[in-house]
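If you're matching them up, the sequences are chains A and B in order.
According to the working numbering, the first sequence is numbered sequentially starting from 1.
According to the working numbering, the second sequence is numbered sequentially starting from 1001.
Report on the following structure.
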Amino acid sequence: MHAGIIFLLVIIGSVLFHIFTPWYWTDIASNWGGMDDTITLTFWVGGGVFVAVCLFMIYCVFRYSHKEDRRAEYKPEDKKLEKILTWATTLGVAALLAPGLIIWNQYVNVPKNAIEVDVMAWQWGWQYRLPGADGKLGTTQVRNIADNNPFGINPDDPFGRDDIMVESDVINLENNRPVKILLRSVDVLHNWYVPQFRAKMDAVPGTVTFYWFEPNKVGEYEVLCAEYCGVGHYAMRGGVEVQNKADYEVWLSEQETFEQLSARYEKLNVDGNKLAKK
Amino acid sequence: MSDEYDNNKSYQAQSSEVMDGSTGSVNPDIDYVRPAEVGEQELYHGHSFIEKWVFCQDAKVIGVQYFLTAVFTGIVGLILSWLMRLQLGFPELAGFMTAEHYYQFVTMHGMIMVVYFLTALFLGGFGNYLIPLMVGARDMVFPYVNMLSFWMFFVAVAVLMASFFVPGGPTGAGWTLYPPQTILEGTPGSGMGILLMLISLSLFVIGFTMGGLNYMITILQARTRGMTLMRMPLTVWGIFTATVLAMLAFPALLVSAIMMTLDKVLQTSFFMPTILKAGEVLEYGGGSPILFQHLFWFFGHPEVYIVALPAFGIVSDLISVHARKNIFGYRMMVWAIVGIGGLSFFVWAHHMYVSGMNPWFGFFFATTTLIIAVPTAMKVYNWILTLWRGNIRINTVMLWCLGFIVTFVNGGITGIFLGNVSVDVPLSDTYFVIAHFHMVMGIAPLMVIMGAVYHWFPLVAGKMLHEGLGKWHFWITFLGAYSIYFPMHYLGFIGVPRRYFEMYDSPYMTSAVGMNEFISIAAFIVGAAQFILVFNIIKTLKTGKKAEQNPWKANSLEWYTSTVPPEHGNFGERLPVVHRWPYDFSVPGAKDDFIPQTTAPSEVIHTEVEKT
């Protein structure tokens, strides 16, 4: 008896906890509301099954607890019941899978008007690169990385000359414009993750991975590394600032291009040489 | 029980009889059981203390050795989890702990619990003890190899534990050991620590292969007369299928461990691309970190079922015995176990939806993953339908089974979240994942282990564990564990990433400080409650009530041994002959509410038995 009551309280407590929890997802700030909706749907279906199964179990505990003078039913199989349950479960699972796959299809197909952002990760930090006036990012190689080429852009690639370098762990994005995040890492796995955008993907050294989203709420957000990357993992934070088009363009115009950065370093070099000669 | 066999004439292996059996000639005698096809196994009985208790060839002793060694590693894993929870709940009290320590504890806790505790306990512990007894064999078919298997495991554990004491400490790469960070500076224990881990894993796989061959071949070749495959207890089916999975999955782990060792020691580049570290390009190039993840999860996902399937099997038997009712839908249960086992090889990359593998894989692996939910759900239905119209003893064993159903269904449902590719995107690498897998493959199997300990202790030790203590142990563990992991899902919804040493002051994370403190306190209590069992065992061994033979009135063969606890050879003079499945409980017309597997049809002529 007591056992049934305690189990019942556990189930009721779980449902109440879910209804009144102060801990739930952060306000969404991207186009991936469909992910939240699928989670909600899964909660209804899955939570319903959980509660139903547990209540049935508790009912059995109350109704059929041991009595010396009673015998259990003897019925090894019930083909019909098993068939009904199999098909009902299959349908339920399919109903959950379908929206999941539809949203995944959106997730892997990037809109054509998305602006590309090169997110470069290392132990333990981030920096960002945007395409210049030509709208294309230059190709890169880890071996090219140097003080005067922090992103390892191939010096011979004409698309790379006007790339915009953001040597900061904070990147600005334009509100309501799709962004294709191109992830790369120079050392180990990382993952550029903003909880409010919902989306994430690992950065893998040796390859470029991607995902996309469309920020839709102006504001500042914290970037977390979501793939364990060594002892500094928990401290590997960054930031995103989502701005209106006007503010964004002001910010963009203040950033340095690869060409400008190279020129600055050459000047430094020349100045340095002059100093050395003196 | 031996007088039951007096009417049977002693059978010897004769080729003519074998021929008769295989051509399917029907003997009109209703008690007819096909004769034995091979002669009896000769056993080597130990003569000295060392041969009887240390280098012993008796599967039961080996099972207990596995059990105790696994429990020892489990206690180490438990203490590590306490240290982690201290840091997460009360960082001000954990001043001695650096981030390096924390990650080492996380890693060792994970690896110990999954491989050295759960796998070794279910297959090495319960497998060794129960397989020969339940299929009616005198021992495993290769007793000497079986002994080697345990000692190889023992050495693997010793090497693992040694890594706590080497310079740099144990590896802190996370139990998944993802390269490149695993073998690079920047990860704690990337020197000696990771090498010892890889060596220990390799030894474990070698040792486990020796044991696994034994379990498989014993079940396939050494069953007693009349023990057809479809008369085996589901415990044996679960362990058998899990062993087949292990034989196919562990090689992938061994291969990745070897390749990673080469990457570490000889600077090969199986998993290592060009890497820039501290301003210098390392001597690696062209390797694929994602290849490792495929290999690891090709092992790692079946590994989940290597732990889960024996638990499924054992809990089925416990529920059936203590509900005094046949397991509902036995054939469905068998095929579900086999089906889940087969499918488990086609779902591995659902651990890698956001790993950077080709995103088109997501469609395939989400579909296969959700298909596996169907046979799993069928098992759950059949467990609760077994309770339905049963005559349920609400004793300690049954409580653990009920606790298993609640936690397993809870963890299974959250698995549907994570398996459904686009839902996984916001939740992967967060505390939701931690809550999910602890519920479904930590707590749920643990519930079964505990139930199994209370159920079979009378057989192993000949004494009954104390019920009152058992109930306290259950309720503290169940309620405590549930209140650790149920709220933890919501940390994942907030977006708190896993493997964070400190949360800092992100607003949505600081809102969870109170919850983290609560979870930590619950974890300390649940951990401490496990010592109730230790106390119960010690007390019972000293002063406990002596167990009668077959105290639960079960049908399966392990309760019908010549002595309790069973001696080497298990069944005395003659091996038992099996006439029915082990679930003939509450059969209409029968005198008792159970009919042992050894009871011949002619002895229970008035019963309405549907399935034999």
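Virtual Cβ for every residue (Gly too), placed ideally from N, Cα, C.
* Any Cβ of chain B within less than 7 Å of the Cβ of His66 of chain A? -> yes
* To do: Assign Leu1234 of chain B to one of two classes, buried (16 or more other C-beta atoms within 10 Å of its C-beta) or exposed (fewer than that).
  => buried
* What is the DSSP secondary structure of Gly1021 of chain B, counted as helix, strand or coil? -> Confidence at Gly1021 of chain B is low in this model, with a pLDDT of 39, below 50, so the placement of that residue is unreliable and no value is reported for it.
* Coarse secondary structure for Pro1167 of chain B, derived from DSSP in three states -> coil
* Asked: Given Glu1622 of chain B, which residues of its chain have a CB within under 7 Å of its CB, disregarding the five upstream and five downstream residues?
  -> What is shown of chain B runs 1001 to 1612, which leaves residue 1622 of chain B out entirely.
* Unbroken stretches of the alpha helix (DSSP H), 4 residues or longer, contained in the stretch 1377-1454 of chain B -> 1396-1419, 1421-1427 and 1431-1438
* Own chain residues within Cβ distance below 8 Å of Pro1566 of chain B, not counting five before or after -> Lys1060, Leu1133, Leu1459 and Glu1558
* Taking the CB atoms as reference points, tell me whether Lys1591 of chain B and Ala72 of chain A lie closer together than 7 Å. => no
* Residue burial classification, Ile1443 of chain B (beta-carbon count within 10 angstroms, cutoff 16) -> buried
* Asked: Under a CB-based cut-off of 7 Å, is Thr128 of chain A close to chain B?
  -> One point to set straight first is that residue 128 of chain A is Tyr, not Thr, in the sequence displayed. Taking Cβ atoms only, chain B never reaches closer than 7 Å to Tyr128 of chain A, which makes this a no.
* Asked: Are the beta-carbon atoms belonging to Ile1319 of chain B and His66 of chain A less than 7 Å from one another?
  -> no
* Asked: Once you ignore the five residues that flank Val1409 of chain B on each side, which residues in its own chain have a CB closer than 7 Å to its CB?
  -> Val1380
* In angstroms with no decimal places, state the Cα-to-Cα distance between Asn280 of chain A and Asp187 of chain A. => It is not possible to answer for residue 280 of chain A, since the shown part of chain A is limited to 1 through 278.
* To do: Leaving out five residues on either side along the sequence, give the residues of the same chain with a beta carbon under 7 Å from the beta carbon of Pro1601 of chain B.
  => Ile1030, Asp1031 and His1579
* For Asn1410 of chain B, which residues in chain A fall below 9 Å Cβ to Cβ? -> Ser14, Phe50 and Cys54
* Asked: Fully enclosed by the stretch 71-134 of chain A, which beta strand (DSSP E) runs are 3 residues long or longer?
  -> 115-122 and 125-130
* Excluding the five sequence neighbours on either side, which residues of its own chain have a C-beta within less than 7 Å of the C-beta of Asn1027 of chain B, listed in chain order? -> Caution applies to Asn1027 of chain B, whose pLDDT of 46 falls short of 50 and renders its modelled position unreliable; the model cannot decide the point.
* To do: Note down, in chain order, each residue of its chain lying with its Cβ closer than 6 Å to the Cβ of Val1304 of chain B, except the 5 sequence neighbours on either side.
  => Met1441
* What residue from B:Leu1198, B:Ile1449, B:Val1166 and B:Ser1483 has the CA that sits closest to Ser1316 of chain B's CA? -> B:Ile1449
* Asked: Below 7 Å between beta carbons: does that hold for Val1526 of chain B and Ala1481 of chain B?
  -> yes
* **Inter-residue spacing [alpha-carbon to alpha-carbon] between His1045 of chain B and Gln1057 of chain B** => 8 Å
* Proximal residues of chain B, C-beta to C-beta of Ala226 of chain A below 7 Å -> Asp1429 and Pro1497
* Note down, in chain order, every chain A residue with its Cβ under 7 Å from the Cβ of Val1281 of chain B. => Val142 and Arg143
* With which residues is Gly219 of chain A paired in a DSSP beta bridge? -> A:Val242
* To do: Given a cut-off of 7 Å, decide if Ala1252 of chain B and Phe1299 of chain B are closer than it, judged by their beta-carbon atoms.
  => yes
* Asked: Rounded to the nearest angstrom, how far is the Cβ of Ile1372 of chain B from that of Leu1343 of chain B, given a contact under 8 Å?
  -> 5 Å
* Can you list, in chain order, the residues of the stretch 159-187 of chain A whose Cβ is nearer than 7 Å to any Cβ on chain B? -> Val186 and Asp187
* **According to DSSP, residues forming a beta bridge with Ser185 of chain A** => A:Ala121
* Asked: Rounded to a whole number of angstroms, what is the C-alpha to C-alpha distance between Gly1089 of chain B and Ser1163 of chain B?
  -> 27 Å
* Asked: How many angstroms separate the CA atom of Gly1021 of chain B from the CA atom of Arg1034 of chain B?
  -> With a pLDDT of 39 at Gly1021 of chain B, under the threshold of 50, the predicted position of this residue should be treated as unreliable, though the coordinate-derived value follows. Roughly 6 Å between the two C-alpha positions.
* Report the partner residues of Asn191 of chain A according to the DSSP bridge assignment. => A:Asp202
* With a threshold of 16 other CB atoms inside 10 Å of the CB of Thr1563 of chain B, please say whether the residue is buried or exposed. => exposed
* Asked: Under a CB-based cut-off of 7 Å, is Gly1024 of chain B close to chain A?
  -> For Gly1024 of chain B, the predicted structure reports a pLDDT of 44, less than 50, and the residue's modelled location is therefore unreliable. The matter cannot be settled from this model.
* Asked: Alpha carbon to alpha carbon, what distance is there between Thr1171 of chain B and Ser14 of chain A?
  -> 37 Å
* Beta-carbon gap between Val223 of chain A and Val194 of chain A smaller than 7 Å -> yes
* Asked: DSSP beta-bridge partners for Met1464 of chain B?
  -> B:Lys1545
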